[in-house]
Structures are given as C-alpha cells and as structure tokens.
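Each position in the sequence shown, counted from 1, maps to that position plus 480 in my numbering.
We put the CB at the ideal spot given by N, CA and C, even for glycine.
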Amino acid sequence: KTTENIVAETQKYTISKDNLDLVAQFFELIGDKIALVKYNCEPRVLEKAKETFNQREQYYSLDTSHTPLNPELILGRIFNYLHVQSKEVDGFKTLENEIVHFKRIKFIDGEKYNEIRDKIDRVSKYPKEKENVDKLYGIVDKEEYDRKQKALVSTEEFKMNNQRIAIEYLANHYYLPVIIPDQEKTNYLTHIINVESEIEFMEGLKNYLKTSDNVFSKFDWWMFSKLDETLDEVYIPYYNPKTNEISKFKPDFIFWMQKDNRYLILFIDPKGTEHTDAYRKIDGYSKIFETSDKKSKEFTYGKYTITTKLLLKPKQGVAGVLDAYKPYWFDNFNNLEEMLFGNQKKKQQGSNQKP
C-alpha cells in the first residue's frame, strides 16, 4: 500500500559538470517568470531547482561527458525530473484484486477447449475429494481405502503441438490448479507460467520441496503465487533514469510465510535481469523496505511483525555483480535458508530456535 510524495531526493540526476554549469547559468539568465511560463512548472518545483543548483552533490551525479547539450532542453528535463512522483510505503493491506491473472487464462484453440477444461476441473476437485477419502480411514477396509487414494488425481497432462502441459495441484499456491508447459512460448494459452526462467524455477521449487528440512517446513504457514506483469498490481516502485519516471518492478513470484507472530514476504525474480537495470530495482526496493545499513525494516500489521526479502537471478552468474548487490542474487535453492536468514543463523548458532 503506497502514498504519493513529491520528488525522490535520494535519486540523483546524471549530468556532466560542464552541462550543469551551463544550465544553471541559463536558468539564472531567464529568471523565474520566464521559466514559469516557458516550462509551465509549479513554483515549488522552481524553488526546488534553485536548491539543487546550490547543493549539487546531493542532487546530481556528475559524469565525465564533455559533449555540450542544449541548456534549454536540459532545464526542461530537470524540471520533469523534479516533478517525478516517488512512492513510499504507507502500510500493508489484505490482498483484494491485486492478483487477478488466473481469472484471465484463455485457451485459444476451440476444438481442444473441452478436453483441457475437463482436465482442469478434475484437478480442481482434488482437495475436496482427498478430504472425503481421508475421512474413510479406519471406516472402510485397507484395500478399499488404498484403491480410493490411488484414484485421486492431483496432476493431469495435456498435449498439443508436440508440447506437454502439466495441470497440477500445488497445495501452497495462491490459486489452483497451476498450469505449467514443458517449454516457453505457449501461444494457445494466455497468462500462465510460460517463460523459461519461470518454468525452471517451478521445477526447482518442486524438487526442493521434496527434500527434508527445507526452509518452508520451518514455517507454520506459507503460500506463493506467480505474478503476471501485464495484469497483476503487486509491484515495487523504482526510479528509472532511462524514462525519467517511476517504473513498476513486478517480480515473477511472491511468497508469504508466517512463523508465530512474524511474517515474511519474499519477492523472487528468476528471469536473469541485466545487472544495471537490476541495481535500479534493488535500490527502489531497498529505499522502501530496508534501513540505511541494508537491514530489513520491521513493519507492524495487526498482530504480525512483517519483514521482506528480495532475491534475483543474474543472467551470467554472480561473479560480475557488484559486492553491495550480491546479497540479493539467488542462484539455487540449496542456499535459500542462508539467503533468507543468514544473519539470524549466525546469531542463533548453538540454539534450536527456528526462524
């Protein structure tokens, strides 16, 4: 949940020293009245511009370019920059209609629609059917009980164009069933998990959950969901200097995990983001959810103390990542617990307390 505030002062505008000198001189030359009319800017933005020219180190990142640019054009860009709205966390809220993509899944091929619809319906009935069968334990004989257990269907397969699609019941997923193809670019099904990095992540997660003492087993309750970049409205705002605006970083997955009265929200983006772009997204995340020394802020919602964590995956490994950003890079599930609770584990060595 966010509120709007004027100007993200921690985000510096990149410009060369020569061009900054030039635009400051141009601004002084035309004066306030002409600037207000010419650029149609608010008086407070005009005053803010004056402040930035007097406190350059705080507001500008000086590059080494010596190419002179049009000061009239640059001043307009700086005014636009100072108009940019930054988003700050106001608090947490219960999800309502922020995740909706599963309601918009469409099957393009009409001839095959009924076949895949029947399979989806069958897997959707699994939780209720399993509950009914479990109630029979000790009531019917073992042979009958085992037969009914084996008849339960938690996974179906659908094949089309030499592509296999799994329709699965995953107990901890936000919506059910989950539809996952064995390869990306499924052009006859929309708004499903169909990007290679997402498919690989889901396979890795399912295999990890089979291991004993996985990190999720340490929680009282947990769930997760795929996020659709085009339809869902769960995102992390960050300043994008390429467009001079606040962009929306929508990680591929979100996890909710609870232990006692502590609640962890985990964002994971395994798509292999380019380093520089990822740094901007991390900076946006850090500004909202971390303290100045990069420790997770604690928020209160009802009876819960909430913390967050962000993990991304680099395209070409962690080696090329700047040291300050390495704690955010996620390679595999084997070190997930350390990534989530590294500092706590060091403090709790010799203790049996669970995170």
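(request) Leaving out five residues on either side along the sequence, give the residues of the same chain with a beta carbon under 7 Å from the beta carbon of Ser545. (result) Ser496
(request) Compare the Cα-Cα distances from His581 to each of Lys783, Glu709, Lys806 and report the closest residue. (result) Glu709
(request) Would you decide whether Ser705 is buried or exposed? Buried here means 16 or more other CB atoms lie within 10 Å of its CB. (result) buried
(message) On the DSSP letters alone, give me the boundaries of the beta strand (DSSP E) that Leu790 sits inside.
(response) 784-794
(request) Rounded to whole angstroms, what's the CA-CA distance from Phe747 to Ile619? Just pull it up for me. (result) 44 Å
(request) Mark Leu791 as exposed unless 16 or more other C-beta atoms lie within 10 angstroms of its C-beta, in which case mark it buried. (result) buried
(request) State buried or exposed for Thr547, treating a residue as buried only when at least 16 other CB atoms are found within 10 Å of its CB. (result) exposed
(message) What would DSSP say about Asp570, mapped onto helix, strand or coil?
(response) coil
(message) Let me make sure I understand the geometry here. Which of Phe779, Glu624, Glu778, Asp693 has the alpha-carbon closest to that of Asn814?
(response) Asp693
(message) I need the straight-line Cα distance from Gln828 to Glu678, nearest angstrom please.
(response) Confidence at Gln828 is low in this model, with a pLDDT of 44, below 50, so its placement is unreliable and no value can be given for it.
(message) So the candidates are Glu576, Arg597, Glu578; which of them puts its Cα closest to the Cα of Ile585?
(response) Arg597
(message) Tell me the rounded alpha-carbon separation between Thr494 and Phe681.
(response) 36 Å
(request) Assuming Pro607 contacts Tyr540 (C-beta within less than 8 Å), just tell me the rounded distance between them. (result) The pair is not a contact, with the Cβ atoms about 57 Å apart (cut-off 8 Å).
(message) If distances are taken between C-alpha atoms only, which option among Ser604, Arg627, Lys690 comes closest to Asp614?
(response) Arg627
(request) Look up Ala646 in the DSSP assignment and give the residues it is bridged to. (result) Glu637, Ile660
(message) Out of Asp712, Ser772, Leu526, which one is the CA nearest neighbour of Asn577?
(response) Asp712
(message) Could you compute how far the alpha carbon of Lys774 sits from the alpha carbon of Tyr759?
(response) 14 Å
(message) Let me confirm a value: Glu636 is counted as buried when at least 16 other C-beta atoms fall within 10 Å, else exposed. Which label applies?
(response) buried
(request) Determine, using beta carbons only, whether Phe572 and Ile734 come nearer to each other than 9 Å. (result) no
(request) Ignore the nearest five residues each way along the sequence and tell me which others in Leu816's own chain have a CB closer than 7 Å to its CB. (result) Val695
(message) So the candidates are Ile645, Lys610, Lys639, Ala646; which of them puts its Cα closest to the Cα of Lys630?
(response) Lys610
(request) Could you say which of Asp498, Thr670, Lys793, Leu744 lies nearest to Trp701 if we only look at CA atoms? (result) Leu744
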